[in-house]
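Be aware that the sequence shown starts at 40, since it is given in this note's numbering, and climbs by one per residue.
Every residue, glycine too, gets a C-beta built ideally from N, C-alpha and C.
Please read these numbers as outputs of a predicted model, since none were measured by experiment.
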Amino acid sequence: MKKMALIAVLMLLAACNGAISPSGERGNIPQIDISPPKPLPEPPRYEPPPTAPEEYYQAEDIEVKAYDSTIIPSQIRVAKGDVVELTITTVESRTRFTLEDYGIDVELIPGKAVEITFTADAPGKFNYKTSTGARGELIVE
């Protein structure tokens, strides 16, 4: 019995002589890289959707393009007494164009130009809009 115990102890010592890897093979334990992770790439910068440019037209014969949420030009500037001719076209969907202070309310159909003529007889700032939410300003000086 002593012989058997001695053989078991010797076998146990022989088995512990080399390290055992997780795959069950004998050998050295591999080195693990514990350096900090690389930084994440910068998130993409937010760019707001394009809007109508902050421009105005100072003329009497003006082309206006109406989109669902934007009118270009967003500001029209004329002199008091000018006869203003607007040529309005809607690009995206059927809508109504309204310039209430001058009694203008017309239906716009995509691709069809509508001509409106009026005399800018009162100085001030007047809002124009479409039924789809686009807005602009007429300034009469």
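Whole-angstrom C-beta distance between residue j and residue i, which should lie under 8 Å
i, j, result
"I101", "I111", "Between I111 and I101 the Cβ distance is about 11 Å, and since that is not below 8 Å, they are no contact."
"A152", "G120", "With 8 Å as the limit, A152 and G120 do not qualify as a contact, their Cβ atoms being about 25 Å apart."
"K104", "T128", "6 Å"
"V179", "V117", "6 Å"
"F165", "D140", "4 Å"
"G175", "S132", "Their Cβ separation, rounded to whole angstroms, is 17 Å, which puts G175 and S132 out of contact at 8 Å."
Residue(s) in a DSSP beta bridge with residue i
i, result
"K104", "I111, T128"
"V48", "Answer is none; V48 lacks a bridge partner."
"E180", "Paired residue(s): none; E180 is not in a bridge."
"R174", "K168"
Residue nearest to residue i in terms of C-alpha spacing, selected from the options
i, options, result
"I155", "L125, F165, L138, T137", "L125"
"G142", "E131, K168, S132", "K168"
"S108", "K42, P80, G172", "G172"
"L138", "F157, E131, P76", "F157"
"S170", "I148, P162, L177, K164", "I148"
"V38", "R174, G150, K41, S113", "No answer is possible for residue 38: the residues shown for the chain start at 40 and end at 180."
Runs of 4 residues minimum, wholly inside the segment 113 to 168: which ones carry the alpha helix (DSSP H) assignment? If we require 4 residues or more, the segment 113 to 168 turns out to have no alpha helix (DSSP H) run fully inside it.
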